[in-house]
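Peer 1: These protein sequences, in sequence, are chains F and X. Here the first sequence is numbered in this note's numbering, starting from 261 and rising by one per residue. Here the second sequence is numbered in this note's numbering, starting from 98 and rising by one per residue. Here's a structure for you.
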Amino acid sequence: MVVVLQAILLGLAAGLTATLGMRLFGPVPGMIGGALFGINSESAHYAHWLLSEVPFTFLLLAVLVLALRCQSGQRQADFVACGIGLGLATMMRVIAGALVIPLSLGLVLSATGRSRRQRAQQIGLLVIGFSVVIAPWVGRNLDTFGQVTFSSRLGGNLIRRAARAAEPLDAYPAWLAASVWMATNPLSNLVYPISRFQWGPENEDNLIWDFHVNDQVRYIGRYEPVCQARPDTDACYAEIGLAFVQAYPIGYAVQSFFALVLLLFAPLPGPQALEHNGLVWLGLIGMFGMFASRRLGSPHWLVLGLLGAYVGASIVVDTQVRYLLPVLPIFAVFGGVPAARALAAASRVGRQAVRSRTPVQAAE
Amino acid sequence: MGDVGTAAETARALKSSPSLLFSSFCTACVRHSLPAITVAAGFAALAAALVACTPQGAARQPPPLAPTPESTWRYGAYLLSLDDAVGARPYLEQVANAPLNDLTDATLYLRDLTEARLFAGDLAGAAAAARQARARLAGEHRSAWLQADDRQLFERTIDALQAAAEDDQQRLSAVAADEGTFPSADAWYLLGWLAERHGQLDAARVDYRAFLERRDGRSCAERRHAPVRPGCGTVSFFRFDRGRVLLFALMLAVMVNALAFAKVNPDRIVSGTDSPQYDLMAKQLASDRGFTLADQPPYLPTLFREPGYPLLVPPSTGSAAHP
């Protein structure tokens, strides 16, 4: 049954992606964006697994579309619905909570023709909607653990990411090579096969896999014996992780670039990497093209701002490529623009070719 | 049994500390009302989706990214349906320079052009476009989209537009007053518009009232061929409807694709990811052990994972789906 539910939610998410695209770029790029996201083996994979990706994606998209309605329509009900949607998304994945402030700011800054009082009232409605949804869970945590908190993974996640900041400069060339290879995967695999990064007999003894996963496992394994003995393991990890951030702030900031690569690009060569990385690149080209041609208006900036906030929140702590799925629809929507243009150009060429044939040729 | 103990402890805590009222209530809600919460969350999500999917009139679509005569016309017609004749006119005029045979429905385009020119104040241009539309309509064959009734109605619309463009109030009154097979609401609108131009405000008010009385009961055919104002904007109605069908088809295709994929790939739980933990949490919730990641007593509560997904999962999978 969960598969049926997730398939339905994926279908609705594709519909929301198309709606988002239609609002930003018109019907054709919107429909193409919806199809690029929905009819995609990566989305189908996540829909058939017992993972929160698809429901979370659906909720996040509903929030995005509602945010655009808030921006243009200014109906109070939309602000409440947007807050409720964000609350439900946060109940699914805590990272959505990081969008409350950027979303509120984006709506305040892009609001035109509204008084300060009206803006405050509308943002207040959004925050109330959000708070009402998350209150039971926060209340439960206060009651059970005595803390006003949402989840306790910060330390465990931070230690995997922060410890890398202390690595010496010698390690950077290999990481840069791995980043470039991943960003251009699977084309890079044709030029320089992943097997050349192999350094040991086991399958996982590979530089790309080290960069993607193994290093993180090693870091957490290094501090596990210390922290498992403490009453609050996660607090222990957080303490050590923050100590790394404080001791190596530049190294930590530079590592964010590598975290961005880990978030955006699929590591293993194959059809899925072609699909995923191709879509990401198409989206990036669409974003850059729209920016360069100065066709970005306030709705586009709102969506891009929320994308930036999500990506920023993902890479600050710990990340992996599957965390991109919830915002992959934004890449699909922006990718729908160059795709629509290419389609229009192909259709023009096709029509011209048909017209240029003489009636005799056509009869033949 | 555990529930009795929990309830008694909760009651004692409430007596001793009223400040715990809210958090205890929340805990009780989460522990004892899982199906209700899940169903409510599902409905809320669905409602949010439906609200979000409903197109909003106030938001304006951007111009076509790849302008072709067809897409430019459609965009101009879309602006017309938003009551922006001045904004629509440049787009529609651009198309006038291209070969009209490239358009899917040149007659409809000419009618749009007439309307844009008329409401932008170019009466002579509007009259010329109306004449062109009439000539074009005369050459059109009967088809599934243009039955005899449609033709008659379309002619009346063009008649009304041409009469308005030629400032012929008498002819327009005759078209409007002809309450035959297809009473034309739009002719009344044009009559009101013309009267307003002449400063006959009382007459305009009467004509507009007649328009409002008639427009709600219009036939589908009239909605296709007589769009003059938003609310009776048939071009946008049909386009929107087609868009809706496409959107529905896309969603259906995605659902079928996902279900087919799941049928071929029966694995649901992937080791090394979060799914075993979600599965365990879902099972423990279904067994009324609360949010816990422990598979053995004393089932200590956890805040390692968020509650949304395990709450969504139990009614659908429970433990039965995982042999």
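All C-beta atoms in this analysis are idealised placements derived from N, C-alpha and C, irrespective of residue type, glycine included. Note that the coordinates shown come from a computational prediction; the quantities given were computed from them, not determined experimentally.
Using a Cβ-Cβ cutoff of less than 6 Å, which residues in the same chain neighbour GLN266/X once the five nearest sequence positions on both sides are dropped?
Peer 2: Here residue 266/X is taken as the residue at index 169 of the second sequence, counted from 1. Answer for GLN266/X: LEU291, listed in chain order.
Peer 1: Hey, how far is the Cα of ALA604/F from the Cα of LEU177/X?
Peer 2: Looking up residue 604/F in the first sequence gives position 344. Looking up residue 177/X in the second sequence gives position 80. Distance between the alpha carbons of ALA604/F and LEU177/X: 24 Å.
Peer 1: Using the C-alpha atoms, what's the distance from ILE575/F back to LEU520/F?
Peer 2: Locating residue 520/F in the first sequence gives position 260, where the first residue counts as 1. Locating residue 575/F in the first sequence gives position 315, where the first residue counts as 1. So the two alpha carbons sit approximately 6 Å from each other.
Peer 1: Note down, in chain order, each residue of its chain lying with its Cβ closer than 8 Å to the Cβ of VAL408/F, except the 5 sequence neighbours on either side.
Peer 2: Indexing the first sequence from 1 puts residue 408/F at position 148. Within the same chain, VAL408/F has close Cβ partners VAL398, ASN401 and LEU402.
Peer 1: Tell me, please, whether the CB atom of VAL577/F is closer than 8 Å to any CB atom in chain X?
Peer 2: Reading the first sequence from its first residue, position 317 is the one you call residue 577/F. So no, VAL577/F is outside the interface.
Peer 1: Under the DSSP definition of a beta bridge, which residues are partnered with TRP389/X?
Peer 2: Counting from 1 along the second sequence, the entry for residue 389/X is found at position 292. First, the amino acid is wrong: residue 389/X is Thr here, not Trp. DSSP lists PRO398/X as partners of THR389/X.
Peer 1: Can you list, in chain order, the residues of the stretch 371-383 of chain X whose Cβ is nearer than 9 Å to any Cβ on chain F?
Peer 2: Sequence-ordered contacts of the stretch 371-383 of chain X with chain F read ASP371, SER372, PRO373, TYR375, ASP376 and ALA379 [C-beta pairs closer than 9 Å].
Peer 1: Do we get a CB-CB distance below 8 Å when we pair PRO166/X with the residues of chain F?
Peer 2: For the purposes of this step, residue 166/X is taken as the residue at position 69 of the second sequence. PRO166/X does not count as touching chain F.
Peer 1: When Cβ atoms are compared, which residues of the stretch 343-358 of chain X fall closer than 9 Å to chain F?
Peer 2: LEU343, LEU344, PHE345, LEU347, MET348, LEU349, ALA350, VAL351, MET352, VAL353, ASN354, ALA355, LEU356, ALA357 and PHE358
Peer 1: With a threshold of 8 Å between beta carbons, is GLN158/X in contact with chain F?
Peer 2: By 1-based counting over the second sequence, the position of residue 158/X is 61. It does; some Cβ of chain F falls within 8 Å.
Peer 1: Could you check where the alpha helix (DSSP H) with HIS536/F kicks off and where it finishes?
Peer 2: Reading the first sequence from its first residue, position 276 is the one you call residue 536/F. Here the alpha helix (DSSP H) through HIS536/F covers 531-552.
Peer 1: Spell out whether any CB of chain F is found under 8 Å from the CB atom of PRO398/X.
Peer 2: On the second sequence, position 301 is the one that residue 398/X refers to. PRO398/X counts as touching chain F.
Peer 1: Can you list, in chain order, the residues of its chain whose CB lies under 8 Å from that of SER439/F, leaving out five sequence neighbours each side?
Peer 2: Along the first sequence, one-based indexing puts residue 439/F at 179. If we look at SER439/F and ignore the five residues flanking it on each side, its Cβ neighbours are PHE471, PHE517, PHE518 and VAL521.
Peer 1: Taking the DSSP output, what are the residues bridged to GLN458/F?
Peer 2: Stepping through the first sequence from its first residue, residue 458/F is reached at position 198. Answer is ASN466/F.
Peer 1: What residues in its chain sit with their C-beta under 7 Å from that of GLY511/F, if we drop five residues either side in the sequence?
Peer 2: Translated into the one-based positions of the first sequence, residue 511/F becomes position 251. For GLY511/F, where only same-chain residues beyond five positions count, the Cβ hits under 7 Å are ALA425 and ALA426.
Peer 1: Within 10 angstroms of the Cβ of PRO323/F, are there 16 or more other Cβ atoms? Answer buried if so, exposed if not.
Peer 2: Position 63 of the first sequence, counting from 1, holds the residue named residue 323/F. It is Val, not Pro, that sits at residue 323/F in the sequence shown. Label assigned to VAL323/F: buried.
Peer 1: Which residues in the same chain have their Cβ closer than 7 Å to the Cβ of GLY343/F, if we skip the five residues on either side of it in sequence?
Peer 2: Position 83 of the first sequence, counted from the start, is the residue given in the question as residue 343/F. So the qualifying residues of the chain are LEU385, LEU386, VAL387, ILE388, GLY389 and PHE390.
Peer 1: Flag ARG601/F as yes if its beta-carbon sits less than 8 Å from any beta-carbon of chain X, otherwise no.
Peer 2: Here the question's residue 601/F lines up with position 341 in the first sequence. It does: the Cβ of ARG601/F has a partner Cβ on chain X nearer than 8 Å.
Peer 1: Does the distance from the CB of ALA282/X to the CB of LEU269/X come in under 8 Å?
Peer 2: Indexing the second sequence from 1 puts residue 282/X at position 185. Indexing the second sequence from 1 puts residue 269/X at position 172. Against a cut-off of 8 Å, the Cβ pair of LEU269/X and ALA282/X comes out as no contact.
Peer 1: Say whether chain X places a C-beta atom closer than 8 Å to the C-beta of PRO315/F.
Peer 2: Residue mapping note: residue 315/F aligns to position 55 of the first sequence, counting from 1. Yes, PRO315/F counts as interfacial toward chain X.
Peer 1: So, is ASP264/X buried or exposed, given that buried needs 16 or more other C-beta atoms within 10 angstroms?
Peer 2: Counting from one through the second sequence, the residue named residue 264/X turns up at place 167. With fewer than 16 other Cβ atoms within 10 Å, it is exposed.
Peer 1: What residues from the stretch 404-435 of chain F come within 9 Å of chain X, judged by C-beta to C-beta, listed N to C?
Peer 2: THR404, PHE405, GLN407, THR409, PHE410, SER411, SER412, ARG413 and GLY416
Peer 1: Suppose the cutoff is 7 Å on Cβ atoms and the five residues either side in sequence are ignored; what does the same chain contact list for GLY501/F look like?
Peer 2: Within the first sequence, the letter at position 241 stands for residue 501/F. Closer than 7 Å at the Cβ level, and outside the excluded window around GLY501/F, lie GLY415, LEU418, ILE419 and ALA422.
Peer 1: Would you verify that the beta carbon of ARG402/X is, or is not, closer than 8 Å to some beta carbon of chain F?
Peer 2: For this step, residue 402/X is matched to residue 305 along the second sequence. Yes, contact with chain F.
Peer 1: Along chain F, in chain order, which residues have C-beta atoms closer than 7 Å to that of LEU409/X?
Peer 2: By one-based count along the second sequence, residue 409/X stands at place 312. What LEU409/X touches in chain F: PRO315.
Peer 1: Quick one: residues in its chain with C-beta nearer than 6 Å to the C-beta of ARG231/X, no 5 flanking neighbours on either side, listed in chain order?
Peer 2: Position 134 of the second sequence, counting from 1, holds the residue named residue 231/X. Only ILE255 meet the Cβ criterion.
Peer 1: Short of 8 Å in beta carbon distance, which residues of its chain neighbour VAL340/F, apart from the five on each side in sequence? Order them along the chain.
Peer 2: The residue given as residue 340/F occupies position 80 in the first sequence. Closer than 8 Å at the Cβ level, and outside the excluded window around VAL340/F, lie LEU385, LEU386, ILE388 and GLY389.
Peer 1: I'd like to know whether the C-beta of VAL540/F is nearer than 8 Å to at least one C-beta of chain X.
Peer 2: Translated into positions along the first sequence, residue 540/F becomes position 280. False, the Cβ-Cβ gap to chain X never drops below 8 Å.
Peer 1: Among VAL571/F, SER558/F, GLY549/F and GLN506/F, which residue has its Cα nearest to the Cα of LEU523/F?
Peer 2: Your numbering for residue 523/F matches position 263 in the first sequence. Of the listed residues, the one whose Cα sits closest to LEU523/F is VAL571/F.
Peer 1: If you count every other CB in all the chains shown that lies within 10 Å of the CB of ASP304/X, and 16 or more means buried, which is it?
Peer 2: Indexing the second sequence from 1 puts residue 304/X at position 207. Flag for ASP304/X reads buried.
Peer 1: In chain order, what residues of the same chain lie with their CB nearer than 7 Å to the CB of SER416/X, ignoring the 5 residues before and after it?
Peer 2: Here residue 416/X refers to the residue found at position 319 of the second sequence. Its pLDDT being 41, under 50, SER416/X is placed unreliably by the model, and nothing is read from it.
Peer 1: Which whole-angstrom value describes the C-beta separation of GLN259/X and ALA224/X, a residue pair presumed to lie in contact below a C-beta threshold of 8 Å?
Peer 2: Your numbering for residue 259/X matches position 162 in the second sequence. Your numbering for residue 224/X matches position 127 in the second sequence. Rounded, the Cβ-Cβ distance is 6 Å, consistent with contact.
Peer 1: Cutting at 6 Å between CB atoms, please list the residues of its own chain near ARG555/F, excluding the five before and the five after it.
Peer 2: One-based indexing of the first sequence puts residue 555/F at position 295. Within the same chain, ARG555/F has no close Cβ partners at all.
Peer 1: Taking VAL473/F as the reference, give the member of PRO485/F, LEU528/F and TYR432/F with the closest Cα.
Peer 2: Against the first sequence, residue 473/F aligns to sequence position 213. Nearest option by C-alpha distance: LEU528/F.
Peer 1: If you measure from the beta carbon of PHE548/F to each beta carbon in chain X, is any gap under 8 Å?
Peer 2: The residue labelled residue 548/F in the question sits at position 288 within the first sequence. It does not; no Cβ of chain X falls within 8 Å.
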